[in-house]
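Here's the structure we're looking at; comments come further down.
2 protein chains.
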Amino acid sequence: MIYFITSNDGKFKEAKLFLRKNYNVEIERIKGIEVPEIQSDKLEEIAEFSLNFLLQKNKAPQFVEDAGLFIEILNGFPGPYSAYVYKTIGNQGILNLLKPIRGNNEVKAYFKAVIAYYDFKNNKNVLFEGISHGLISDRIKGDKGWGFDPIFIPIEGNGMTFAEMGIENKNKYSHRIDALKKLGNYIKKFGV
Amino acid sequence: MIYFITSNDGKFKEAKLFLRKNYNVEIERIKGIEVPEIQSDKLEEIAEFSLNFLLQKNKAPQFVEDAGLFIEILNGFPGPYSAYVYKTIGNQGILNLLKPIRGNNEVKAYFKAVIAYYDFKNNKNVLFEGISHGLISDRIKGDKGWGFDPIFIPIEGNGMTFAEMGIENKNKYSHRIDALKKLGNYIKKFGV
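Residue numbers (the numbering used here), protein chains in the order written: chain A, 1247 to 1438; chain B, 1247 to 1438.
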């Protein structure tokens, strides 16, 4: 049994189904735990700080995940603060920000997810990274998914934004699924 | 003796001079301490988390400070993440973001600073808040100060941005000085 500590219902459900189906790994949640996330430019630091905080309270097999959208021409913005930036200025804010500077150029960006996992057996933290490279659309497209999905076009996705794809299709290019695969393979190899 | 734990040389120097001159209070620094800042919409939570973290290591009279620029029409953005947002998209980024939505309206904003102080004598945390209300300029003006100073016009500052004022003048309206005054008065009243 592994715990995935997250306050995001969608993330938990997605991980639970994916790991069960593909790796026969069962995950559970401990509700009511507040996981502090540190301020940092690096998702790795944020995820590992959260994991270490949790380990002080409960030394059990568990993982946390952090993700963000990194836009090259904006020096990585919104990066680790994607959730806050989405909540305050939203997709339209990102488009407004890019409009005067994008010209006719492609706006390169990537989604990145980092999983920090505590390998109980070997008493060590292991990080898994997933990346999805793509472009920022010049308008909002699609209504599936969440967050910045309607403005992110993965590089191999036939020009569709994440929000125009169904979940199955999105999962082919998803940074989060990419990281979960690495976690799944690690567990398959080393056990829990 | 009180410690001000900060990695910002400018902030430390400003506080040291101000508290010595006006309150006869001496502050010192402990170098090489990394202060984790948590992700939160509330400066109060961020500052107090940092203070509690420091108190676990060293139970001494000390304070930390956190500040941000809150723009009303952007739902408070960039708020607690002002340093990161300044580093990535800068003043021009904020102006670009506002351009399509400001029309001919004033863009209200405020700078806020929160000091979290550990009152050693009474073994408790005390928070002090300073606010400077103002408007966001439609262009970058002035070259003094730092960060978002060139686009922030305090309400009582005769239309000048913080970056157009000298430090003496800026201090009259400064959120940080406002919070430091409250700390100074508290110490004068209750001792250290």
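Yeah, the Cβ is synthetic: ideal placement off N, Cα and C, and Gly gets one too.
Practice task
Using the Cα positions of residue 1250 (chain A) and residue 1357 (chain A), report the straight-line distance between them to the nearest angstrom.
Solution key: By 1-based counting over the first sequence, the position of residue 1250 (chain A) is 4. By 1-based counting over the first sequence, the position of residue 1357 (chain A) is 111. Roughly 20 Å separates the two Cα atoms.
Handout entry: Other residues of its chain near residue 1383 (chain A): CB distance less than 6 Å, five sequence neighbours each side excluded
Key = Counting from 1 along the first sequence, the entry for residue 1383 (chain A) is found at position 137. Shown here for residue 1383 (chain A): same chain residues with a beta carbon closer than 6 Å to its own, the five before and five after excluded, namely 1397, 1399, 1407 in chain order.
Exercise for the section: Give every residue of the same chain whose Cβ lies closer than 7 Å to the Cβ of residue 1295 (chain A), excluding the five residues on either side of it in the sequence, and list them in chain order. Expected result: Locating residue 1295 (chain A) in the first sequence gives position 49, where the first residue counts as 1. Here residue 1295 (chain A) has 1284 as same chain residues with Cβ atoms under 7 Å from its own Cβ, once five neighbours each way along the sequence are excluded.
Practice task
Less than 8 Å between the CB atoms is what I'm expecting for residue 1258 (chain B) and residue 1275 (chain B), so what's the real figure, rounded?
Solution key: One-based indexing of the second sequence puts residue 1258 (chain B) at position 12. One-based indexing of the second sequence puts residue 1275 (chain B) at position 29. Yes, they are in contact, since the Cβ atoms of residue 1258 (chain B) and residue 1275 (chain B) sit about 6 Å apart, within 8 Å.
Problem - Inter-residue spacing [alpha-carbon to alpha-carbon] between residue 1247 (chain A) and residue 1422 (chain A) - result: In the first sequence, the residue the question calls residue 1247 (chain A) occupies position 1. In the first sequence, the residue the question calls residue 1422 (chain A) occupies position 176. Straight across, the Cα-Cα distance linking residue 1247 (chain A) with residue 1422 (chain A) is about 21 Å.
Problem - Which of helix, strand or coil DSSP assigns to residue 1304 (chain A) - result: Numbered from 1 along the first sequence, position 58 holds the residue referred to as residue 1304 (chain A). Three-state DSSP puts residue 1304 (chain A) in coil, outside helix and strand.
Problem - residue 1261 (chain A) beta carbon less than 8 Å from that of residue 1197 (chain A) - result: This structure leaves residue 1197 (chain A) out entirely; chain A is present only between 1247 and 1438.
Handout entry: Near-chain B residues of the stretch 1343-1372 of chain A - C-beta to any C-beta below 8 Å
Key = Correct list: 1343, 1345, 1346, 1347.
Handout entry: Neighbour list for residue 1283 (chain B) in chain A, Cβ cutoff strictly below 8 Å
Key = Here the question's residue 1283 (chain B) lines up with position 37 in the second sequence. Result: 1284, 1285.
Practice task
Report yes if the CB atom of residue 1362 (chain B) is closer than 8 Å to the CB atom of residue 1316 (chain B), and no otherwise.
Solution key: Stepping through the second sequence from its first residue, residue 1362 (chain B) is reached at position 116. Stepping through the second sequence from its first residue, residue 1316 (chain B) is reached at position 70. No.
Handout entry: Whole-angstrom distance between residue 1389 (chain A) and residue 1323 (chain B), CA atom to CA atom
Key = Reading the second sequence from its first residue, position 77 is the one you call residue 1323 (chain B). Reading the first sequence from its first residue, position 143 is the one you call residue 1389 (chain A). The straight-line gap from Cα to Cα measures roughly 24 Å.
Practice task
Compare the C-beta of residue 1408 (chain A) against all C-beta atoms of chain B and say whether one is closer than 8 Å.
Solution key: Here the question's residue 1408 (chain A) lines up with position 162 in the first sequence. Residue 1408 (chain A) does not count as touching chain B.
Exercise for the section: Kindly list, in the order they appear in chain B, the residues whose Cβ is closer than 8 Å to that of residue 1321 (chain A). Expected result: For the purposes of this step, residue 1321 (chain A) is identified with residue 75 of the first sequence, where counting begins at 1. Annotation: Cβ neighbours of residue 1321 (chain A) in chain B (cutoff 8 Å, chain order): 1333, 1334, 1335.
Practice task
Could you work out which residues of chain E lie near residue 1339 (chain B), taking near to mean beta carbons separated by less than 8 Å?
Solution key: In the structure shown, chain E cannot be found, because the protein chains are A and B.
Practice task
Name, please, each residue of chain B whose Cβ falls closer than 8 Å to the Cβ of residue 1295 (chain A).
Solution key: Counting from one through the first sequence, the residue named residue 1295 (chain A) turns up at place 49. Those are 1282, listed as they occur along chain B.
Problem - DSSP three-state assignment for residue 1271 (chain B), whether helix, strand or coil - result: Numbered from 1 along the second sequence, position 25 holds the residue referred to as residue 1271 (chain B). The answer is coil: DSSP assigns residue 1271 (chain B) none of H, G, I, E or B.
Handout entry: Inter-residue Cα distance where the pair is residue 1420 (chain A) and residue 1367 (chain B)
Key = Along the first sequence, read from residue 1 onward, the residue named residue 1420 (chain A) stands at position 174. Along the second sequence, read from residue 1 onward, the residue named residue 1367 (chain B) stands at position 121. Note on geometry: alpha-carbon atoms of residue 1420 (chain A) and residue 1367 (chain B) lie some 53 Å from one another.
Exercise for the section: Specify, as a first and last residue, the run of the alpha helix (DSSP H) that residue 1424 (chain B) falls within. Expected result: Here residue 1424 (chain B) corresponds to residue number 178 of the second sequence, with the count starting at 1. Counting along the chain, the alpha helix (DSSP H) containing residue 1424 (chain B) begins and ends at 1421-1436.
Practice task
Taking 8 Å as the threshold, find out whether the stretch 1343-1351 of chain A comes into contact with the stretch 1299-1311 of chain A through three or more Cβ pairs.
Solution key: These segments do not touch.
Exercise for the section: Please confirm whether residue 1289 (chain A) and residue 1360 (chain A) have their CB atoms less than 8 Å apart. Expected result: If you number the first sequence from 1, residue 1289 (chain A) lands on position 43. If you number the first sequence from 1, residue 1360 (chain A) lands on position 114. Yes, these two residues count as a Cβ contact at 8 Å.
Exercise for the section: For residue 1393 (chain A), collect the residues of the same chain with a Cβ closer than 6 Å to its Cβ; drop the 5 residues on either side in sequence, then sort them by chain order. Expected result: In the first sequence, residue 1393 (chain A) corresponds to position 147, counting from 1. Correct list, in chain order: 1332.
Practice task
Return no unless some Cβ of chain A is closer than 8 Å to the Cβ of residue 1269 (chain B).
Solution key: Walking along the second sequence from the start, residue 1269 (chain B) turns up at place 23. Taking Cβ atoms only, chain A never reaches closer than 8 Å to residue 1269 (chain B), which makes this a no.
Handout entry: Backbone CA spacing between residue 1270 (chain B) and residue 1286 (chain B) [nearest angstrom]
Key = As a working note, residue 1270 (chain B) is residue 24 in the second sequence. As a working note, residue 1286 (chain B) is residue 40 in the second sequence. Approximately 34 Å, taken between the alpha carbons.
Practice task
Go through its chain and collect everything with a Cβ distance to residue 1265 (chain A)'s Cβ below 7 Å, but skip five positions before and after it.
Solution key: Sequence index remark: in the first sequence, residue 1265 (chain A) carries index 19 (1-based). Excluding residues up to 5 positions away in sequence, 1271, 1273, 1426, 1430 lie with their Cβ nearer than 7 Å to the Cβ of residue 1265 (chain A) in the same chain.
Exercise for the section: Can you give me the start and stop residues for the alpha helix (DSSP H) that residue 1400 (chain A) sits inside? Expected result: Position 154 of the first sequence, counting from 1, holds the residue named residue 1400 (chain A). Note, residue 1400 (chain A): premise wrong, no alpha helix (DSSP H); beta strand (DSSP E) at 1398-1400.
Problem - For residue 1293 (chain B) and residue 1326 (chain B), the rounded distance between their alpha carbons - result: By one-based count along the second sequence, residue 1326 (chain B) stands at place 80. By one-based count along the second sequence, residue 1293 (chain B) stands at place 47. Their Cα atoms are separated by approximately 10 Å.
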